[in-house]
Structure formats: structure tokens, C-alpha cells
Amino acid sequence: MSQYDVVVIGSGPGGYVAAIHSAQSGLKTAIVEREPTERLGGTCLLRGCIPTKAMLHTADMLETLKKGDQIGVMANDVALDMAKMQAYKGRVVQKNAGGVSYLMKKNKIDVHLGHGRLAGKGKVSVEKADGKKETLSTKNVILATGSTCFHLPFIDMSPERVLDSDAILEMEEVPEHLVVIGAGAVGTEFASVFLRYGSKVTLIEMAPAVLPSEDHEVSAEAEKSFKKQGMTVLTSSRVTDVKADAAGVKMVVETKKGDKTSSQTIEASHLLVAAGRAPRTQDIGAKGTRLKINERGVVEVDEFMRTGEPGVYAIGDIVDTPWLAHVASKEGILAVDHIAGKNPRPINYRLVPMCTYCSPEVASVGLSERAAKEAGYDVKTGVFPFSAIGKAAILNKTEGFVKIVADKKYDELLGLHIIGPKATELITEGTLAMELESTIEELLMTIHPHPTLAEAVAEAAHAAMGHAIHI
Amino acid sequence: MRSEVVMPQMGESVTEGTVTAWLKEIGDVVERDEPLFEITTDKVDAEVPSPIAGVLVERLAKVGDTVEINTVVAVLDTEAKAGEVPAAAPESAAKAAASTVASTGAASGARTSGATATALAEAPTPSRGGVPSREELRRTRSTPLVRRIAQEHGIADLSQIDGSGLSGRVTKADIMAFIESGAHERAQGTNGSTGRIAQPSRPAPASPGLAPGERDHFEPMGPQRAAIAEHMIRSRATSAHAHTIHEIDFSAVFAARKRMKAEFEERGVKLTFTAFMVKAVADALRAFPVVNASLDGDQLLYRGDINVGVAVALEASLIVPVVRNVDELSLLGIARSINDLAERARTKRLKPDEVRGGTFTLSNHGIFGPEFGVPIINQPQTAIISTGAIKKRVVVDQKTDAIMVRPTAIFCMSFDHRTIDGATADKFLAHIRQTLEGWE
Numbered sequence: 001m002s003q004y005d006v007v008v009i010g011s012g013p014g015g016y017v018a019a020i021h022s023a024q025s026g027l028k029t030a031i032v033e034r035e036p037t038e039r040l041g042g043t044c045l046l047r048g049c050i051p052t053k054a055m056l057h058t059a060d061m062l063e064t065l066k067k068g069d070q071i072g073v074m075a076n077d078v079a080l081d082m083a084k085m086q087a088y089k090g091r092v093v094q095k096n097a098g099g100v101s102y103l104m105k106k107n108k109i110d111v112h113l114g115h116g117r118l119a120g121k122g123k124v125s126v127e128k129a130d131g132k133k134e135t136l137s138t139k140n141v142i143l144a145t146g147s148t149c150f151h152l153p154f155i156d157m158s159p160e161r162v163l164d165s166d167a168i169l170e171m172e173e174v175p176e177h178l179v180v181i182g183a184g185a186v187g188t189e190f191a192s193v194f195l196r197y198g199s200k201v202t203l204i205e206m207a208p209a210v211l212p213s214e215d216h217e218v219s220a221e222a223e224k225s226f227k228k229q230g231m232t233v234l235t236s237s238r239v240t241d242v243k244a245d246a247a248g249v250k251m252v253v254e255t256k257k258g259d260k261t262s263s264q265t266i267e268a269s270h271l272l273v274a275a276g277r278a279p280r281t282q283d284i285g286a287k288g289t290r291l292k293i294n295e296r297g298v299v300e301v302d303e304f305m306r307t308g309e310p311g312v313y314a315i316g317d318i319v320d321t322p323w324l325a326h327v328a329s330k331e332g333i334l335a336v337d338h339i340a341g342k343n344p345r346p347i348n349y350r351l352v353p354m355c356t357y358c359s360p361e362v363a364s365v366g367l368s369e370r371a372a373k374e375a376g377y378d379v380k381t382g383v384f385p386f387s388a389i390g391k392a393a394i395l396n397k398t399e400g401f402v403k404i405v406a407d408k409k410y411d412e413l414l415g416l417h418i419i420g421p422k423a424t425e426l427i428t429e430g431t432l433a434m435e436l437e438s439t440i441e442e443l444l445m446t447i448h449p450h451p452t453l454a455e456a457v458a459e460a461a462h463a464a465m466g467h468a469i470h471i
Numbered sequence: 001m002r003s004e005v006v007m008p009q010m011g012e013s014v015t016e017g018t019v020t021a022w023l024k025e026i027g028d029v030v031e032r033d034e035p036l037f038e039i040t041t042d043k044v045d046a047e048v049p050s051p052i053a054g055v056l057v058e059r060l061a062k063v064g065d066t067v068e069i070n071t072v073v074a075v076l077d078t079e080a081k082a083g084e085v086p087a088a089a090p091e092s093a094a095k096a097a098a099s100t101v102a103s104t105g106a107a108s109g110a111r112t113s114g115a116t117a118t119a120l121a122e123a124p125t126p127s128r129g130g131v132p133s134r135e136e137l138r139r140t141r142s143t144p145l146v147r148r149i150a151q152e153h154g155i156a157d158l159s160q161i162d163g164s165g166l167s168g169r170v171t172k173a174d175i176m177a178f179i180e181s182g183a184h185e186r187a188q189g190t191n192g193s194t195g196r197i198a199q200p201s202r203p204a205p206a207s208p209g210l211a212p213g214e215r216d217h218f219e220p221m222g223p224q225r226a227a228i229a230e231h232m233i234r235s236r237a238t239s240a241h242a243h244t245i246h247e248i249d250f251s252a253v254f255a256a257r258k259r260m261k262a263e264f265e266e267r268g269v270k271l272t273f274t275a276f277m278v279k280a281v282a283d284a285l286r287a288f289p290v291v292n293a294s295l296d297g298d299q300l301l302y303r304g305d306i307n308v309g310v311a312v313a314l315e316a317s318l319i320v321p322v323v324r325n326v327d328e329l330s331l332l333g334i335a336r337s338i339n340d341l342a343e344r345a346r347t348k349r350l351k352p353d354e355v356r357g358g359t360f361t362l363s364n365h366g367i368f369g370p371e372f373g374v375p376i377i378n379q380p381q382t383a384i385i386s387t388g389a390i391k392k393r394v395v396v397d398q399k400t401d402a403i404m405v406r407p408t409a410i411f412c413m414s415f416d417h418r419t420i421d422g423a424t425a426d427k428f429l430a431h432i433r434q435t436l437e438g439w440e
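Just so you know, the protein sequences line up as chains A and B, in that order. So the first sequence is numbered by UniProt numbering: it starts at 1 and just counts up by one. So the second sequence is numbered by UniProt numbering: it starts at 1 and just counts up by one.
Dropping the structure here:
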């Protein structure tokens, strides 16, 4: 029986990054993955970030080509071939999964395929697909088992008509009318994909705004844009009843307006339930350990990702931090550095960039205007629209804006909010600036190349100081 | 030909020196390498030899002036005859006025009043040789936000704040904690040159409100005295001082010294009790590496070298030259090193680097006759031993109850209880006792 320094359970972006960093730190490392297709990469790679962004890319290209005539590109009969799109998406996923396997080999990490569980002090059991069990002996365990789609208890999932985000990835046809429950990142991204693929799309959100965790101006802009593109958006609304059969889905939607609640029945071809995700901690061998798992299934950890059980760490979607691939990866590195005795600095969760790849893209870091006010800051903001940016006009994508939230006292940069073209790329400037504790002045002192979309960030800094140039 | 003499670089970390005496008058002939003036730094007193031969024609620093290294302090004329003093060119006089820092008292006054926001606005001056000092790094490695906050609160010197960010960068949280502790207000009230405030929670010492009488007089605290004062207070605030006291029988050492003394003298080395003590300390440090360690944040830094500082009393202060790699030296080698260092310390010929890098300190002040003393740890070391006088004392043999007269000394070790527990401290001292009592 091999003796490992670190065994990672789960090969998603938290787990596999932790494993590589562990091996690179000179620790003998194994990774356990129970994925039936025997591919590594977890949700992010197999049925999350990577395949959805591939689908979004085809939607973007479709839209660009359809609007080609506006800029002199005459692409006639532009159409989507779902089968080819699926093949392309499959290639992207396969290439990335292969890349992770290669990295495991390169870093001499043992890959054990099967269901990994804690099995007593310093032990991890791996139950293989054929039922055979193997026990690994290790000094440390990193739990990175991730999350699954959260299903609403009153909705029966039917593989034909009522789908979760895993199932919708495998769609072979464009739905005629897709209803999406949940206007968070997952819901708005699929809504954006299928709207541009040609579906009629209805987006239903319980909160009073789409992307409810974003800054209120950003949410409003997103909703305005979705509607302009032809999407039906119902906020302050909830689905109360769902009936699905071979013909389609029938559902009752209640919408609150002030004190009044109105009800309507919507008939659609497909329903996507994108109401969130749930941590996968039911079957990790926690019994008899000092792991603390709360009622939501989340594992409690300290600032170094340590659980209550000595030598056992937990990262990613099973802990109570933002459920994002880049957060999981950082947590994996932090856990390994702690195991390796490197005295690492805990993660500053205030500086996690949030990215939604809907159209237009939305990205943010730090505090929203409202949150900054609630935190007691004397807030000032600077907003600059992409419509006044040359590069945006060139790209024929002038929707959206950059918004800076700052503290009046020291001009401290508290938050950066972007809705518009390449928002998810542009947000990095704000993340770096905030990591360095910049003030607005550093942002506007920084020379931004022209013409670029990034100019909008500098202009928003100028606007926050009361002197925007190009507006 | 006129030739300039500059304040020499005295060691890696020494950036300025105070002129304490001129050893030559204007018009005197000075040979190459002949002592020209004396300086004192916060580390060491030293005579500065003349780099060239000539006649001293100008002295550009007065006694008491604190001068940065590489500043011109004297002009020699290599062709003049004794007593001949050619007039200074106007250019060099102007340079002298610009380069000479005002006398110590005035300098501290200027620092207190002038060095607030302006110091922040200006780019940090690179130190000599292009390598920025730790303080410069700290200042440049604060964040923009921190510099803004510092400016508002009139905090000129960010190096007094412990930075928790990458590479010691001072973050917003660090400076806010510093401000909340009220430390910066105290810092502003004191001489900026004393630098860091060690312990924000410590209340500022009450002003004694001295009213000097007619027969009283003030004398400025020299840089060394000021440095010792600052180091001692900081050490008290840094380490959790605990103490253990052992009486050690020196009979065996007496016998050994008597036996070896002549032989050592033949080789030109005076064999002192200090050499035995340093040897015993080095052996014990090898057996107990934690006593040779330093605390860095929450990490213990175990030192590979065993470098024992030996305190030497000077007329008005104290200096601690360091015997390096003591564990690799024989008793003869140790004795020779100590003699050399102590002699040069008393004659101001020590180099500043020779007082750096100690990992443990022995303060052998028993020569003045005390029973024992309780020393303060020389930061960032973790322990220090102070020895009492070797005196004949009545001791009781623990086995036979016989009452005997023996030469003994009482050793007191102060140790940082954060890193060493009483048991370790006692075992360490017991190791020294066994070495000394069982000397062969």
C-alpha cells in the first residue's frame, strides 16, 4: 500500500490544481475521481465553465455573422448546426480533459478512478466501478468533491422536457420555447445561448432583478438588454406548478407587483431549472470524523481550508465561499501551501472576480454601490458607457458600461462593475488594482492603450473624480 | 593638490556617523592611514584613518555633526607644507554647507517638524551602492491607499509599522490598526530618528517635566547611548523575558586556567575566564539549537552559525563584538578572538560589521563584583547570559553534607519565554555548569 503525503478527492479545478501544486511542492500525491467517463476535470471542465463557454462562443459568432451586413460582411443563410456545435464542444472538453490527465502524468500524480471516501485516520478508500475497494494511506486529505445541480423539490425532472444544467448541455435540437428558472449566472448564460440559437426564451427570477447579486445598475442594464434582444423576463416571480409530458411543459407562474400577485400559465417546449447548486458531501465518509457539515451540506473550514478533522482539508463548492472555479483553484493552492508548511496568506474573498458570460457579459469585483453604503463608506461612483468608446463602436457592441465604486475619503477603490463586451476579461484590471490597494488615482494615472475596451475603465475613474474626458 | 576625505562606509547598515573628535588641527601634516578624526555610529566608535598623506586644510564637519557616509568632511592638500593653508575654492565651501548635516540637536528638531507629508511626496532616496535599505523598501512597498491614509494622518515613516502584506508591504489593515492603537501620535511626539515604535499597546512614558537648576546641565545623548536605550526598551516590549539563575563552581576552571596560562602566554594569548565561559556556551548552544534561534513572526529561525556576542564595557557605553563560529574554535582560538575584539573595542578600532550577526550574548560583567545581574535580551536573539563575580563562597556538598569554600559565580540567563520554556533554559544552563565544573 502506497503512503501518500496528500490524497485529493475530486479532480475539478480545485482538486486537480491542488494535486499539481502538491506534487510540485515535493509531496507524494494521488487524486481520486469517480467520473463514470473516467475523465478528469470535474464539473468545470466536463459540464460547467468549458462546455457552456463553447456554446456561448458559437452563439456569439452566430450573432456577429447575422449582424454582419451592418458592417459590410454579407454572410447569407447563417444557420446553426447543433450536431456540429456539439461535436466542437465535445472536442474542446476532450482536449482539456486530456490536458489534465497529461498534467497528472507529468507531475507523477497517481490517478485512482472510483468513489473516494474518508476511511479513518490517514486513510482514503476508493470504491471502483466494479465494486472493488482499495485503501490509500495518506498524511493529508483534500476534499474537493464539488457540487451538483440543485433541484427544486416540487419539480419532477424529466430527461425529455425538464432539464438541469447538465442535461441541457446535451441538447441535440434547439428548443422551440425555453423557460429558465433562475436568473443567476447559469440561468442567464443558457438563456443567452438559446435566445441566439433561435429559441423563444422566458427567464423567471424570484428576486426583483436579474443577476440579483450584482450592482443594481448592472442588473437593470442586463434586464434592459435581455428584453431588447427579445427575451421575456419575469422578475419577482416564482414557478408554483409544473406539468410535463411528451408534448411540452405547462407551468404556473406567480408574479408579485407591489402588494398584488398575478398568476399566469406558460406553455413551453422545455424548462431549465437553474436554481443553484448543492454541495456533494453526503457520501464522503464524514461519519466518525470531526468534520463539521452544516444543514446545507457545507463543510466548515478555517482560513487555511482546514476542517475539524486533523489532516483533512476541504475546498471549492463544498465550503461556504463563492462557488467559482477560480476560487476553488486558489483554495487548493492555499491548502497545499499550508500542508507544505509554507505559511501562506489566507484568501481575501472580497477580491474574488465574479463573471457571468451572458450577453452582454457581466463581471464585478469588490463591493456594489449598495453594499459599500451598507458597510458604512461615504461612497462615490463613476460610470462610463461603452457607447462613448471607439473600440466598442468598431466592434459594433456598444451596450453596457463600467462603474467604479469608491470611498470619498481616500478615493479607495471599493468595487468595479462592468457590463458589456469582454467584461469578464476587463475585470482583471480592477482585481489587480484592488489587490494592490490602489486608489482611483492610480487607475486614471495608468496609461490605457487606445483604442481598446479597457479605456472605459480609465474613463470611469475620471468620471469618479468628476472629469470624464470623452463624454 | 586638494584632496577630499569623505565619511567612510563603516558597515553594511551604517548610513551616517557623528564626528566625536578631530585628531588633527588645520595645518597639521597627516600621514596616510594616520587617524584623522573619531566618529561614533549607533553600532560602534571608530577612528577614521586618512586615506592620503597631506596637510589638513579644511574641516567641514564640527564635533557633534552627524554626517551621511560619502559626505566630504575634510580637505587635505597633498602639496602644501606643514602650517600652510591654501584658501578653499568657493565651490567646495558651498558643497560643504550643503552636505553637512546640522549638529545632532538641530538635526532631530528638523526631522520632527519637517518630515511629514513631504517625505511621502518625494521619491525615496536610493541608498549608496544602489541597494535600497529595508526602510526604503517598506516605504515604497506600501500600497497607494496606505500612502494616502498616512498623508492624512501625518505619518511620515511607514517603516515603523509592521507590514503584513507581501514582502512586508504595509496594508490598509496594518496602518488602520496602527492608527487605532494611537501609536502614531506618540511617534510624532518623539524624535523621528529613533524609528520604530515597538509596542503600540505600551503607554507612552510620562514626561518627567524636568526643571533644570543652575548647577544642572544637559548633554546630548550620543548615538550609541540612544541606540542602546531604544534597543533595550524595544527588547523588553518584544520578548517575554523570563529568568533562571544557576550557581557554578569554578574550581575546575581555576585549575585548568592555572595549568594552561603559561602555555597560552607563550603563544601571546591571555587566557581569561571569559574564554572558558564562551567555550561552555558554544557547546551548550550546539546541544540546544533552540537557544541559538530567533523568532520571525510565528516561525522559529534556527541559526546554522553559532556566533556569540561578548559584551565589552566602554567608558560611557557598552558594545558587543561577536565571536563568529565559536563552536569551530579551540579554547585558544576563542581566547585569541576575545582578546583581539575587546582590545579593538576599547581602542575604537572595531569595524561595525564585527558587532553584527550575533546569535547569543554573554555579558561577563562579573569583573565589577556583582553577585549577579538580570540582563535584557539582545534582539533578535532569544536568550542572554549575565555572569556574576567569581567569588569564594561557602558551598555544601550535596552528597556528603561537607561544607566547603569554593570559587563560584552566579549565572543568570534571561530567555524569551515565547520560544524557550523553563525546562529547556535550565537544561541549557545545566549543560554549561557541567562543562565548567567538569573542566579537564
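C-beta atoms are modelled at their ideal positions from N, C-alpha and C, and glycine is treated no differently. The structure presented is a predicted model; accordingly, all values stated were derived computationally and were not measured.
For residue i, would you say it is in contact with chain B, using Cβ-to-Cβ distances shorter than 8 Å as the test?
{"i": "A/Leu291", "result": "no"}
{"i": "A/Tyr377", "result": "no"}
{"i": "A/Glu303", "result": "no"}
{"i": "A/Tyr410", "result": "yes"}
{"i": "A/Asn343", "result": "yes"}
{"i": "A/Glu170", "result": "no"}
{"i": "A/Ile471", "result": "no"}
What are the boundary residues of the beta strand (DSSP E) that residue i is part of?
{"i": "B/Glu68", "result": "66-68"}
{"i": "A/Gln264", "result": "260-268"}
{"i": "B/Asp296", "result": "294-296"}
{"i": "B/Gly309", "result": "308-310"}
Using only CA atoms, which one of the options lies nearest to residue i?
{"i": "A/Asp77", "options": "A/Ala83, A/Asp69, A/Leu416", "result": "A/Asp69"}
{"i": "A/Lys408", "options": "A/Pro13, A/Ile419, A/Lys108, A/Ala461", "result": "A/Ala461"}
{"i": "A/Thr424", "options": "A/Val17, A/Leu169, A/Val402, A/His151", "result": "A/Val402"}
{"i": "B/Arg234", "options": "B/Arg259, B/Thr400, B/Ile367, B/Gln379", "result": "B/Gln379"}
{"i": "A/Asn140", "options": "A/Ile9, A/Val383, A/Leu367", "result": "A/Ile9"}
{"i": "A/Gly276", "options": "A/Ser147, A/Val336, A/Val301", "result": "A/Ser147"}
{"i": "A/Ser165", "options": "A/Ser158, A/Leu272, A/Gly98, A/Thr439", "result": "A/Leu272"}
{"i": "A/Asp411", "options": "A/Ile155, A/His417, A/Gly466", "result": "A/Gly466"}
{"i": "B/Ala423", "options": "B/Asp340, B/Arg169, B/Pro35, B/Ile245", "result": "B/Ile245"}
{"i": "B/Thr78", "options": "B/Arg2, B/Ala282, B/Gly168", "result": "B/Arg2"}
Under 7 Å between beta-carbons, which chain A residues line up against residue i? List them in chain order, please.
{"i": "B/Lys172", "result": "Glu437"}
Please list the terminal residues of the continuous alpha helix (DSSP H) segment that includes residue i.
{"i": "B/Asn339", "result": "331-346"}
{"i": "A/Gly15", "result": "15-24"}
{"i": "A/Leu66", "result": "Before going on, a small fix: residue 66 of chain A reads as Lys here, not Leu. Residues 49-66."}
{"i": "B/Ala227", "result": "223-238"}
{"i": "A/Ser219", "result": "216-228"}
Taking 8 Å as the threshold (beta carbon to beta carbon), is residue i in contact with chain A?
{"i": "B/Leu295", "result": "no"}
{"i": "B/Ala117", "result": "Its pLDDT being 34, under 50, B/Ala117 is placed unreliably by the model, and nothing is read from it."}
{"i": "B/Leu145", "result": "yes"}
{"i": "B/Ala121", "result": "Below a pLDDT of 50, predicted positions are generally treated as unreliable, and B/Ala121, at 35, falls in that range; the measurement from the model is reported next regardless. Chain A, which has no Cβ nearer than 8 Å to the Cβ of B/Ala121, makes this no."}
{"i": "B/Ile149", "result": "yes"}
{"i": "B/Gln299", "result": "yes"}
{"i": "B/Ser3", "result": "no"}
Show which residues of chain B have a CB atom less than 7 Å away from the CB atom of residue i.
{"i": "A/Glu429", "result": "Correct list: empty, because the minimum Cβ distance to chain B is about 15 Å."}
Give me the chain B residues within the contact set of residue i, using Cβ-Cβ distance strictly less than 8 Å, ordered along the chain.
{"i": "A/Glu442", "result": "Pro144"}
Counting only runs that start and end within the stretch 334-387 of chain A, where is the alpha helix (DSSP H) found for 4 or more residues in a row? At a cut-off of 4 residues, the continuous stretches assigned as alpha helix (DSSP H) that sit fully inside the stretch 334-387 of chain A are 369-374.
Counting only runs of 3+ residues fully inside the stretch 151-211 of chain A, write out the beta strand (DSSP E) ranges in chain order. Counting only unbroken stretches of 3 or more residues, the beta strand (DSSP E) elements lying wholly within the stretch 151-211 of chain A are 177-181, 200-204, in sequence order.
Tell me the start and end of each unbroken alpha helix (DSSP H) in the stretch 71-114 of chain A that is at least 4 residues and wholly inside, in chain order. Here the runs fully enclosed are 82-106.
Which parts of the stretch 355-428 of chain B are runs of the alpha helix (DSSP H), unbroken and 4 residues or longer, counting only runs that do not cross its ends? Within the stretch 355-428 of chain B, no complete alpha helix (DSSP H) run reaches 4 residues.
Inside the stretch 256-323 of chain A only - alpha helix (DSSP H) runs reaching at least 4 residues: The stretch 256-323 of chain A contains no whole alpha helix (DSSP H) run of 4 or more residues.
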